Amino acid sequence: KKHVLRTPQVRVQVEDDRTGMDTETLKRAFLDNLYYIQAKDLQNATPYDLYMALSWTVRDRLLQRWIHTQETYLKQDVRSVCYFSAEYLPGRQLGNALVNVGLYEPARTFLRELGFELVDLMEQENEPGLGNGGLGRLAACFMDSLATLGVPAIGYGIRYEFGIFAQTIQGGWQFEQPDRWLRYGNPWEIPRPEYLVEVKFGGHTEAYTDPQGRYRVSWVHERSVLGTPYDTPVPGYRTNTVNTLRLWSARATEDFDFQVFNSGDFARAVAGKTYSENITKVLYPNDNTYQGKELRLEQQYFFVSCSLQDILRRYWDHHVDLDSFTDKVTIQINDTHPAIGIAELMRLLVDEYLIEWDRAWQITQKVFAYTNHTLLSEALERWPVSLFGRLLPRHLEIIYEINERFLHLARSRFGNDEARIARLSLIQEGSEKYVRMANLACVGSHAINGVAKLHTELLEQDVLADFYALTPEKFSNKTNGVTPRRFVLLSNPKLALLYTERLGQEWIRDLALLRKLEDHLHDADFRASWKQIKADNKHDLAEYILHFNGIEVAPDSLFDIQVKRVHEYKRQLLMLLYVITLYHRLKQNPAMALQPRTFIFAGKAAPGYTMAKLIIKCIHSVAAIINADPDVGGRLKVVFLANFNVSLAQRIYPAADLSEQISTAGKEASGTGNMKFAMGGALTIGTLDGANIEIREQVGPENFFLFGLTAQQVYALKARGYHPNDYYQTNTELRSVIDLVASGHFSPGRPDLFRPLVDALMARDEYLLFADYQVYLDCQQQVDAAFADSERWTTMSILNAVRMGYFSSDRSMGEYCRDIWKTGPVAVELNG
Ligand code: GPW
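In structure tokens, the structure reads:
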């Protein structure tokens, strides 16, 4: 006789006395969690215990909303956005969760009663560094906005055991430390071993004829790995919606090989296990460069296959055929890292569900959409066919089949323009053949987008021009945005309070409302508050700098800041050349008038990127000389803040006067730091690149410090032949600055240390620093004059911040929903 597990007819009451939101209940729950989960009382609790106890308390209050949201999605069989990304940089969870469920103030209150400061607890959290930079942070902003808009969505990715390395500086050089972020436990994730999936690798394929006499292929794999999902709640701001971030962790299929174990070789028995579990060990620390490592392709395929199987499992739970699959599912791929999903979905449909090729292809194209994030050719993923075929033999066959059909179509359109056909091909021919992932992504998607107006134009005209010619209707622009919850409300609480006092709380969901504050532009009280907030934020950062760098900086000096990954195209070195120029001028004329400035840099270099690491060393060497020089007299300070991450970013943006966005035009797809700075009232000095162009349009050209060649001028100059030496010969100040570096002035005892930087500039200067040097100096002169007039500066600062509504990721997500995903919000009732 079968035992039937019955669901008891008891409705769980939400917000009962266990999970109530009032201060007293919260306090009791906090003390309970400290005792029963952390096994500590207040006397012997560490700060980390207190952080954990508060996290459990908030998590309990998210769970009801999370469960109700997922129940609602299931019952209503909603259309879901599945966001596929190899990277997520969500930042610390505790503060965000508190703010979003409306518990920030109650928590602060009861902690004060117990003698603790909430912000001190929040500082205990190790942030999940599961991304490199802008791409991963964008994914996190998008998840936040989707939840806030109430749009059913799930983020799929990889649960790296080690995230982006921790950067330390020793003797001015970058060193990398492993990021053991899970060491003390992660209260925000819930393992879901019940949704385990298997992913196959290697082997070969075999053709066979099925009972209906149809040609079919099966994949005889060599090894397989298990994927366990770990779910993290993604709460919307003050809504009942809590979406899911589902990250996959790799496990060996068998704990170990019993035969080998029984024969006595324990080490060899567990070796296979270690090998499988390597897949999700560590994030590759490259930003905007592609490294053709086999393990990286394994990571990509692993998480994409897990996610697609998961999507199909959930779909089959409620459907008997595939007819409504494209109504219920849409998948966005964050750059080409998940593009293998196109071949994987074809394999699942054709080989496993035995769907006809043409129908499978229709479904696949309708489901997938592709966002491109770069124009740099070194960042475009191309896998050697040999490596690809060894790891994914069936997928290679499928890609060949897609390619044959696609090129047939292309020929019917373009005739035998073989040069064009060769460019369109998913395969790059040559002695070593490559699979071009961007081409696969374009062909397998119904929508393709860039991340800023200029970027999309350049994709259409240059990098993806042949695809644009073939299917222009697939292309659209979706300018990036950032979440005002994290980058205003959490990171700049004083500014947020000023906004709320004047506008109420609506601006937090509708950032465009900030423009109403233009009415207060000449209101003396408002301006005084504005200045005071910026002064306070700068004071806080100055304390941080004193504590971590031991450098004293003047809080009323101009805080001139460049923080982002270190990359030659972003031109940290151009800013440094300006620093050296000022230093050189002061040495010539110590009485010279200038606004005191604090130059702040932060950012990680890829561990294998020698030039970027030398730039970091050079910043430190210049800082050491300038900060100690009595002729400078403290009027210039140079600071490098180690280990730039989301948490540090949240401290830095609110304290900036000037935001440096100085990439070579045509190189930065969008940039998002530019938006975060401006939201905090920083003015931008920048080139006409990425989203800078649109920021300037929004804030008004009179409130933006523009300089530099345009993307067109960059192409034209390179086409007619660029000779950096011409600039060196004719610009005496540039020559002095370069000579100073080349002479070893900043590297006492090691005169040749920075030779590679000088040589790269003199020989090629690929990113046109010399060509933009003089106009950059001139523009900085205008910055200096504007800062000297503090009323003028304040006006510009206010106008920058309150005109940033367009750059909320809520607006970006609204556009994706309307134009690409064809989806919208779903209301979630509690106690419904
Ligand atoms: F190369 N971006 C990034 F396109 O942070 F894949 N890492 C990357 O590897 C790539 C792009 C990739 C950035 C862009 O550099 C930046 O301009 C953009 O704002 C950001 O992605 C989000 O779109």
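Numbering follows our numbering, with no gaps: position 805 of the sequence shown is 1299. Where is the CB? At the ideal position from N, CA and C, for every residue including glycine. Note that this is a predicted model, so its numbers are computed, not measured.
Can you find the residues in the same chain that come closer than 8 angstroms, C-beta to C-beta, to R888, ignoring five residues on each side of it along the sequence? The count along the sequence shown starts at 1 and reaches residue 888 at position 394. These residues qualify, in order along the chain: T699, V711, W713, R841 and D845.
Say yes only if the C-beta of N1186 is nearer than 6 angstroms to one or more non-hydrogen atoms of ligand 1, and no if none qualify. Counted from its first residue, the sequence shown places residue 1186 at position 692. Not so, every heavy atom of ligand 1 lies at least 6 angstroms from the Cβ.
Closer than 6 angstroms: is that where the CB of L629 sits relative to any heavy atom of ligand 1? Mapped onto the sequence shown, residue 629 falls at position 135. The answer is yes for L629.
Compute every distance between the C-beta of N538 and the non-hydrogen atoms of ligand 1, then say whether any falls below 6 angstroms. The residue labelled residue 538 in the question sits at position 44 within the sequence shown. No, Cβ of N538 sits at least 6 angstroms from all heavy atoms of ligand 1.
Name the DSSP bridge partner or partners of T540? Working through the sequence shown from its first residue, we reach residue 540 at position 46. Note: T540 sits in no beta bridge, so no partner.
Going by DSSP, what residue range makes up the beta strand (DSSP E) through K1032? On the sequence shown, position 538 is the one that residue 1032 refers to. Taken as a continuous stretch (DSSP letters only), K1032 belongs to no beta strand (DSSP E), being part of the alpha helix (DSSP H) at A1018 to N1043.
Can you tell me where the beta strand (DSSP E) holding S718 begins and where it ends? In the sequence shown, residue 718 corresponds to position 224, counting from 1. Per DSSP, S718 is one residue of the beta strand (DSSP E) stretching across R717 to P729.
Check the DSSP bridge columns for L739 and list the partner residues they point to. Start at 1 with the first residue of the sequence shown, and residue 739 comes out as number 245. In the DSSP output, where bridge partners are listed per residue, L739 has G649 and T726.
F981 burial status per 10 Å Cβ neighbour count (16 or more: buried): The residue you call residue 981 lines up with position 487 of the sequence shown. So F981 ends up on the buried side.
Among V719, I684 and P685, whose alpha-carbon lies nearest the alpha-carbon of V691? By 1-based counting over the sequence shown, the position of residue 691 is 197. It is V719.
In whole angstroms, what separates the C-alpha of M1169 from that of V976? Translated into the one-based positions of the sequence shown, residue 1169 becomes position 675. Translated into the one-based positions of the sequence shown, residue 976 becomes position 482. Cα to Cα, M1169 sits roughly 7 angstroms from V976.
Quick check: the segment 1139-1146 against the segment 1043-1051, are at least 3 beta-carbon pairs closer than 8 angstroms? The segment 1043-1051 is not in contact with the segment 1139-1146.
Quick one: using the 10 Å Cβ neighbour count with 16 as the cut-off for buried, is K495 buried or exposed? By 1-based counting over the sequence shown, the position of residue 495 is 1. At K495, the pLDDT of 42 sits below 50, so the modelled position is not reliable; the number obtained from the coordinates is stated separately. The residue in question, K495, is exposed, as its Cβ has fewer than 16 Cβ neighbours within 10 Å.
Can you give, in chain order, each stretch of the beta strand (DSSP E) that sits fully within the segment 569-627 and has at least 3 residues? 574-578
Smallest Cα separation from A1254: which of A916, P685, R586 and I1109? In the sequence shown, residue 1254 corresponds to position 760, counting from 1. Taking only the C-alpha atoms, the option nearest A1254 is I1109.
Is N943 helix, strand or coil when you go by DSSP? Residue 943 sits at position 449 when you count from the first residue of the sequence shown. Correct three-state label for N943: strand.
Indicate the three-state DSSP secondary structure (helix, strand or coil) for K496 in the structure shown. Within the sequence shown, the letter at position 2 stands for residue 496. The pLDDT assigned to K496 is 48, lower than 50, so where the model puts this residue is not dependable; a value taken from the coordinates is nonetheless given after this. If DSSP states are grouped into helix, strand and coil, K496 belongs with coil.
Reduced DSSP category for A1172 - H, G, I as helix; E, B as strand; rest coil: Stepping through the sequence shown from its first residue, residue 1172 is reached at position 678. If DSSP states are grouped into helix, strand and coil, A1172 belongs with the helices.
Find out if the Cβ-Cβ distance for the pair A946, A1185 is shorter than 7 angstroms. In the sequence shown, counting from the first residue as 1, residue 946 sits at position 452. In the sequence shown, counting from the first residue as 1, residue 1185 sits at position 691. Against a cut-off of 7 angstroms, the Cβ pair of A1185 and A946 comes out as a contact.
N828 - partner residues in DSSP beta bridges: By 1-based counting over the sequence shown, the position of residue 828 is 334. DSSP output for N828 lists T865 as bridge partner(s).
Is any heavy atom of ligand 1 found at a distance shorter than 6 angstroms from the C-beta of E1062? For the purposes of this step, residue 1062 is taken as residue 568 along the sequence shown, with counting starting at 1. Answer for E1062: no, Cβ out of range of ligand 1.
Kindly examine ligand 1 and report whether one of its heavy atoms sits closer than 6 angstroms to the Cβ of E1164. Counting from 1 along the sequence shown, the entry for residue 1164 is found at position 670. Contrary to the premise, residue 1164 reads as Ser rather than Glu in this sequence. The answer is yes for S1164.
Sort out for me which residues DSSP pairs P1049 with in a bridge. The residue labelled residue 1049 in the question sits at position 555 within the sequence shown. Answer is none; P1049 lacks a bridge partner.
Let me confirm a value: L1152 is counted as buried when at least 16 other C-beta atoms fall within 10 Å, else exposed. Which label applies? Taking the sequence shown and counting its residues from 1, the one referred to as residue 1152 is at position 658. In summary, L1152 is buried, with 16 or more beta-carbon neighbours lying within 10 Å of its beta-carbon over all protein chains present.
Cβ-heavy atom distance, L839 to ligand 1, below 6 angstroms: Here residue 839 refers to the residue found at position 345 of the sequence shown. Flag unset: Cβ of L839 not near ligand 1.
Is M546 closer than 7 angstroms to L588 when the C-beta atoms are compared? The residue given as residue 588 occupies position 94 in the sequence shown. The residue given as residue 546 occupies position 52 in the sequence shown. Taking 7 angstroms as the Cβ cut-off, L588 and M546 do not qualify as a contacting pair.
Proximity test, V945 beta-carbon vs ligand 1 heavy atom, cut-off 6 angstroms: Taking the sequence shown and counting its residues from 1, one reaches residue 945 at position 451. Remark: the shortest separation between the CB of V945 and any heavy atom of ligand 1 falls under 6 angstroms.
For the segment 631-643 and the segment 719-736, state whether three or more C-beta atom pairs, one from each stretch, are separated by less than 8 angstroms. yes
Considering only heavy atoms of ligand 1, does any lie closer than 6 angstroms to the CB of T868? Within the sequence shown, numbered from 1, the residue matching residue 868 stands at position 374. Distances between the C-beta of T868 and the heavy atoms of ligand 1 include at least one below 6 angstroms.
Can you list the beta strand (DSSP E) stretches of 3 or more residues lying completely in the segment 965-1014, in chain order? Runs found: 969-971.
If we count Cβ pairs, one from each stretch, closer than 8 angstroms, do we get three or more for the segment 1213-1222 versus the segment 1158-1178? no
Which of helix, strand or coil does DSSP assign to D1259? As a working note, residue 1259 is residue 765 in the sequence shown. Coil at D1259, not helix or strand.
Is L1211 a contact residue of ligand 1, with contact defined as CB to any heavy atom under 6 angstroms? Looking up residue 1211 in the sequence shown gives position 717. L1211: no, Cβ never under 6 angstroms from ligand 1.
Can you give the Cα-Cα distance for E788 and C936, rounded to whole angstroms? If you number the sequence shown from 1, residue 788 lands on position 294. If you number the sequence shown from 1, residue 936 lands on position 442. Roughly 23 angstroms between the two C-alpha positions.
Less than 6 angstroms between the CB of A1205 and some heavy atom of ligand 1, yes or no? The sequence position of residue 1205 within the sequence shown is 711, counting from 1. A1205: no, Cβ never under 6 angstroms from ligand 1.
Closest to R674 by CA distance: which of K1111, I915 and L624 is it? Here residue 674 corresponds to residue number 180 of the sequence shown, with the count starting at 1. Nearest C-alpha to R674: L624.
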